[in-house]
Amino acid sequence: MSDAPIIAKKEPVPIDVVEGKTYFWCACGRSAKQPFCDGSHKDTDFEPLKYTAESNKKVFFCCCKHSQKAPLCDGSHSKI
Ligand code: FES
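Reminder that position 11 of the sequence shown reads as 10 in numbering that gives the first Met the number 0, one-by-one numbering, no gaps.
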């Protein structure tokens, strides 16, 4: 078991999300399909975070896993 997320990358990933579509953001940092969950959190205390897009737009998903506005980037990667 682990209580700290892995820093997958110290920069966000821009994704063009689709209105009404649901995405599962990787909270543990272990997924090989960043920024999304691939099931690698299985042996950790982490669960993916569900995000449903409100409109068609580009959003920046957090990859350092330290954002206070998860699943989106809040700039925290520059402080870790
Ligand atoms: Fe990280 Fe699922 S692989 S939350």
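Cβ coordinates follow ideal geometry from the N, Cα and C atoms, glycine included.
A distance below 8 Å between beta-carbons, with the five flanking residues on each side excluded, links Gly19 to the following residues of its chain, in chain order: Thr51, Ala52. Phe45 places its beta carbon 8 Å or farther from that of Phe35.
DSSP, reduced to helix, strand and coil, places Lys41 within a helical segment of the structure shown. If you draw a straight line from the Cα of Ile6 to the Cα of Ser30, it comes to about 11 Å. With a cutoff of 7 Å, Pro47 counts as near ligand 1, since its C-beta is closer than that to a heavy atom of the ligand.
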